[in-house]
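Protein chains in written order, with the numbering used here: chain A, 275 to 439; chain B, 239 to 677. Glycine included, every Cβ here is placed at the ideal spot set by N, Cα and C.
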């Protein structure tokens with residue numbers, strides 16, 4: 275009898291399993307599709323939870339899929355609040371305490387002046403990195419590449435250094 | 239009583255394309271002023287009452303709170319205002335020469351349909367697939383049940399002597415990057431769903447995409463399928479001006495609108511839902527809507543239907559071949575179209591590229607080929623292997639961005655015919671970078 279997939283030993287050197295998600299109050303889709311294709315272009319596997327998804331469903335999906343990375347994308351300018359609540363709920367689950375989680379897009383409506391505040395708030399709340407759209411894609415791609423390289427030697431979850439703290 | 243279908247047929251018989259805005263305001267006086275202003279904008283105009291997004295998702299308490307706090311909504315909250323208020327808004331406006339259609343986008347439209355019927359209105363739009371998959375996460379099985387109920391509510395108005403009209407939004411899935419064969423198939427299938435629920439006045443939609451030639455084939459394919467699938471029914475085809483990332487330049491926006499009007503006339507559609515030049519920047523004003531209706535009606539009036547249109551219907555039409563294969567496969571799944579649609583999405587016989595709804599298989603991908611046609615790069619489990627053209631390469635993230643902005647770039651970069659050649663002011667590059675975020 276074969277082992278159920280979730281109990282099989284995970285290949286530590288292959289592509290990353292990534293969950294991409296929007297936030298409960300954001301209906302935008304194409305930014306999520308774009309992030310999925312970007313990660314697939316980099317050779318990783320993506321489960322895309324889509325827009326307008328409830329916080330509990332994001333948390334439960336992470337428990338179910340046990341991804342190597344959670345990518346939250348929001349572009350409606352109101353994502354900071356939802357994202358903060360989401361990551362606090364994630365970190366409250368022991369299985370997800372060490373899950374690398376990043377957030378990016380247009381997170382606030384106050385522009386550059388609000389960005390440092392958002393970044394500090396979201397990092398303190400539990401994200402490993404915060405990307406603002408003005409930075410372009412390079413910092414995000416660098417984070418993903420470092421994470422993929424970093425996990426090559428197998429080790430227990432949570433021992434990895436937070437790459438962008 | 240006003241009949242939407244009869245109004246469209248009358249316009250067709252005198253050679254006029256019906257033009258229609260997508261207007262909706264939450265202030266009653268503004269909504270009334272908007273309807274009155276659009277009524278006389280062109281020879282044949284259908285009025286629009288677009289519902290706000292709180293009402294669309296069934297959150298009426300939020301709509302009422304916003305009204306109490308004088309916060310403007312993005313549409314008219316038809317279930318939150320008293321019938322007295324709505325009767326005042328509509329007083330003397332709808333009639334045989336100006337039918338008013340209620341446009342909403344809800345996957346649970348029963349209360350909206352009840353509200354419009356109470357006001358004496360008989361025309362609306364949507365569909366179990368087209369108002370579910372692109373918006374939110376309502377399970378398809380719930381949307382099918384809700385829409386069956388709503389169709390039956392609407393069809394029941396026939397007992398009072400009315401001829402209720404329902405338009406499928408199926409030709410507009412995700413606005414862009416859905417290949418025409420699938421758009422045509424979904425619209426036609428929703429039309430059959432409406433017919434099974436008892437409706438006999440139906441319109442099928444198609445949204446302008448990337449290639450004028452392919453768009454004409456799509457509209458002709460839709461007409462041919464409607465004739466084959468909707469017996470004893472008054473039906474017409476409605477074209478939507480491009481719904482993806484819109485040109486930012488006034489001349490680009492105007493040219494795209496004019497091309498959509500020409501498409502409608504040349505390919506034999508009878509109605510056009512317009513877009514305004516302001517669309518890329520914000521919600522348009524009444525004046526901008528009126529201007530768009532005039533531009534579209536003018537472009538339609540100077541276009542003549544291709545004499546060979548009907549001959550071309552039966553000629554080699556790749557969009558028809560693809561749509562026909564999809565429709566046949568779905569109809570074979572179950573005699574009840576609601577069940578057939580559910581099975582079709584389960585098996586991936588219908589699978590909308592880039593749609594992230596949990597009930598969409600998500601195995602298909604599309605791209606724009608070298609000729610500008612919107613085609614498949616991966617057909618997933620779609621039953622079109624024998625009829626579809628050669629498939630192209632899978633889109634990268636950069637390729638997706640280019641595809642999403644393809645129409646915008648083409649129309650913005652074309653020279654403005656009304657100005658002398660020379661350096662033109664174009665929108666700043668950083669503005670362009672945010673376009674992707676607006677759709």
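**Message:** Whether or not the stretch 587–599 of chain B and the stretch 366–374 of chain B are in contact is what I'm after, with contact meaning three or more pairs of Cβ atoms, one per stretch, closer than 8 Å; do they touch?
**Reply:** For the pair of segments examined, the stretch 366–374 of chain B was found to touch the stretch 587–599 of chain B: the number of CB pairs separated by less than 8 Å reaches three.
**Asked** Do residue 284 of chain B and residue 337 of chain B come within 8 Å of each other at the CB atom, strictly closer than that value?
**Response** Counting from one through the second chain, the residue named residue 337 of chain B turns up at place 99. Counting from one through the second chain, the residue named residue 284 of chain B turns up at place 46. Yes, the Cβ-Cβ distance between residue 337 of chain B and residue 284 of chain B is below 8 Å.
**Request:** Please work out which residues of its chain come closer than 6 Å, Cβ to Cβ, to residue 282 of chain A, disregarding the five sequence neighbours upstream and downstream, and give them in chain order.
**Result:** Sequence index remark: in the first chain, residue 282 of chain A carries index 8 (1-based). Per-residue confidence for residue 282 of chain A stands at a pLDDT of 47, beneath the threshold of 50, marking its modelled position as unreliable; the derived number appears in the next sentence. Around residue 282 of chain A: no qualifying Cβ.
**Prompt:** Would you say residue 260 of chain A reaches chain B, if we count a Cβ-Cβ gap shorter than 8 Å as a contact?
**Reply:** Because chain A in this structure spans residues 275 to 439, residue 260 of chain A falls outside the shown range and cannot be described.
**Prompt:** Bridge partners of residue 478 of chain B, per DSSP?
**Reply:** What you label residue 478 of chain B is simply residue 240 of the second chain in a count that begins at 1. Paired residues: B:445, B:511.
**Asked** Given that a residue counts as buried once 16 or more other Cβ atoms are within 10 Å of its Cβ, and exposed if not, what is residue 462 of chain B?
**Response** Stepping through the second chain from its first residue, residue 462 of chain B is reached at position 224. Counting Cβ neighbours within 10 Å, residue 462 of chain B comes out buried, since at least 16 surround it.
**Prompt:** residue 341 of chain B bridges to which residues according to DSSP?
**Reply:** Position 103 of the second chain, counting from 1, holds the residue named residue 341 of chain B. Answer by DSSP bridge pairing, in chain order: B:288.
**Message:** For the pair the stretch 361–374 of chain A and the stretch 318–328 of chain A, tell me if three or more CB-CB distances fall below 8 Å.
**Reply:** These segments do not touch.
**Request:** Compare the Cα-Cα distances from residue 341 of chain A to each of A:290, A:362, A:425 and report the closest residue.
**Result:** Counting from 1 along the first chain, the entry for residue 341 of chain A is found at position 67. Measuring from the Cα of residue 341 of chain A, the nearest candidate turns out to be A:290.
**Message:** As a quick exercise: from B:242, B:431, B:637, pick the residue whose alpha carbon is nearest that of residue 400 of chain B.
**Reply:** Residue numbering aside, residue 400 of chain B sits at position 162 when the second chain is read from its first letter. The candidate whose alpha carbon is nearest that of residue 400 of chain B is B:242.
**Touch test, the stretch 466–482 of chain B against the stretch 497–509 of chain B, Cβ-Cβ under 8 Å, three pairs minimum** = These segments touch.
**Request:** Could you name the residues of the stretch 626–637 of chain B whose beta carbon sits closer than 9 Å to any beta carbon of chain A, in the order they occur along the chain?
**Result:** Of all residues in the stretch 626–637 of chain B, 632, 633, 634, 635, 636, 637 have a Cβ within less than 9 Å of some Cβ in chain A.
**Prompt:** Taking Cβ positions, are residue 511 of chain B and residue 312 of chain B nearer each other than 8 Å?
**Reply:** Mapped onto the second chain, residue 511 of chain B falls at position 273. Mapped onto the second chain, residue 312 of chain B falls at position 74. Result no, Cβ atoms of residue 511 of chain B and residue 312 of chain B do not sit closer than 8 Å.
**CB contact check: residue 586 of chain B to chain A, cutoff 8 Å** = On the second chain, residue 586 of chain B is found 348 positions in, with the first residue counted as 1. Output row for residue 586 of chain B: interface = no.
**Request:** Enumerate, from N- to C-terminal direction, the unbroken beta strand (DSSP E) stretches of 3 or more residues contained entirely within the stretch 523–611 of chain B.
**Result:** The beta strand (DSSP E) runs of length 3 or more contained entirely in the stretch 523–611 of chain B are, from start to end of the chain, 603–606.
**Message:** Is it buried or exposed, residue 252 of chain B, if we count other Cβ atoms within 10 angstroms and call 16 or more buried?
**Reply:** The count along the second chain starts at 1 and reaches residue 252 of chain B at position 14. That one is exposed.
**Message:** For a minimum of 3 consecutive residues, which ranges assigned as the beta strand (DSSP E) are wholly contained in the stretch 255–336 of chain B?
**Reply:** Assignment of beta strand (DSSP E) within the stretch 255–336 of chain B, counting only whole runs of 3 or more residues, yields 256–258, 285–288 in chain order.
**chain B contact for residue 368 of chain A (CB, 8 Å cutoff)** = Counted from its first residue, the first chain places residue 368 of chain A at position 94. No, residue 368 of chain A does not count as interfacial toward chain B.
**Message:** Could you compute how far the alpha carbon of residue 496 of chain B sits from the alpha carbon of residue 538 of chain B?
**Reply:** By one-based count along the second chain, residue 496 of chain B stands at place 258. By one-based count along the second chain, residue 538 of chain B stands at place 300. Put simply, the backbone Cα of residue 496 of chain B is about 8 Å away from that of residue 538 of chain B.
**Prompt:** Taking 8 Å as the CB-CB limit, is residue 677 of chain B close to chain A?
**Reply:** One-based indexing of the second chain puts residue 677 of chain B at position 439. Model confidence at residue 677 of chain B stands at a pLDDT of 37, short of 50, so the residue's coordinates are unreliable; what they give is reported in the following sentence. Yes, residue 677 of chain B lies at the interface with chain A (some Cβ there is under 8 Å from its Cβ).
**Asked** Are the stretch 634–642 of chain B and the stretch 302–316 of chain A in contact at 8 Å, needing three or more beta carbon pairs?
**Response** These segments touch.
**Message:** Which residues in chain B have a C-beta closer than 8 Å to the C-beta of residue 324 of chain A? List them in chain order.
**Reply:** Taking the first chain and counting its residues from 1, the one referred to as residue 324 of chain A is at position 50. Against chain B, the beta carbon of residue 324 of chain A has neighbours under 8 Å at 375, 594, 595, 596, listed in chain order.
**Item:** Where residue 315 of chain A meets chain B, residues with beta-carbon distance less than 7 Å
**Value:** In the first chain, the residue the question calls residue 315 of chain A occupies position 41. Chain B residues near residue 315 of chain A: 634, 635.
**Message:** Counting only Cβ-Cβ distances shorter than 7 Å, please list the residues of the stretch 333–364 of chain A near chain B, keeping chain order.
**Reply:** Correct list: 349.
**Request:** Can you have a look at residue 525 of chain B and say buried or exposed, based on whether 16 or more other CB atoms are within 10 angstroms of its CB?
**Result:** In the second chain, counting from the first residue as 1, residue 525 of chain B sits at position 287. Counting of Cβ neighbours within 10 angstroms places residue 525 of chain B among the exposed residues, the total staying below 16.
**Message:** Counting only C-beta atoms, is residue 293 of chain A closer than 8 Å to chain B at any point?
**Reply:** Here residue 293 of chain A corresponds to residue number 19 of the first chain, with the count starting at 1. Not closer than 8 Å to any Cβ of chain B, the Cβ of residue 293 of chain A fails to qualify, so no.
**Message:** Please report the distance separating the alpha-carbon of residue 528 of chain B from that of residue 336 of chain A.
**Reply:** Reading the second chain from its first residue, position 290 is the one you call residue 528 of chain B. Reading the first chain from its first residue, position 62 is the one you call residue 336 of chain A. Pairing residue 528 of chain B with residue 336 of chain A, the inter-Cα distance amounts to about 49 Å.
**Asked** Under the three-state reduction of DSSP, which class applies to residue 483 of chain A: helix, strand or coil?
**Response** In the structure as shown, chain A starts at 275 and stops at 439, and residue 483 of chain A therefore has no counterpart that could be examined.
**Request:** Could you check if residue 278 of chain B is buried or exposed, using at least 16 other CB atoms within 10 Å of its CB as the buried criterion?
**Result:** In the second chain, residue 278 of chain B corresponds to position 40, counting from 1. Classification of residue 278 of chain B: exposed, given that the 10 Å Cβ count is below 16.
**Prompt:** Which residues mark the beginning and the end of the alpha helix (DSSP H) in which residue 362 of chain B is found?
**Reply:** Locating residue 362 of chain B in the second chain gives position 124, counting from the first residue. Note, residue 362 of chain B: premise wrong, no alpha helix (DSSP H); beta strand (DSSP E) at 361–364.
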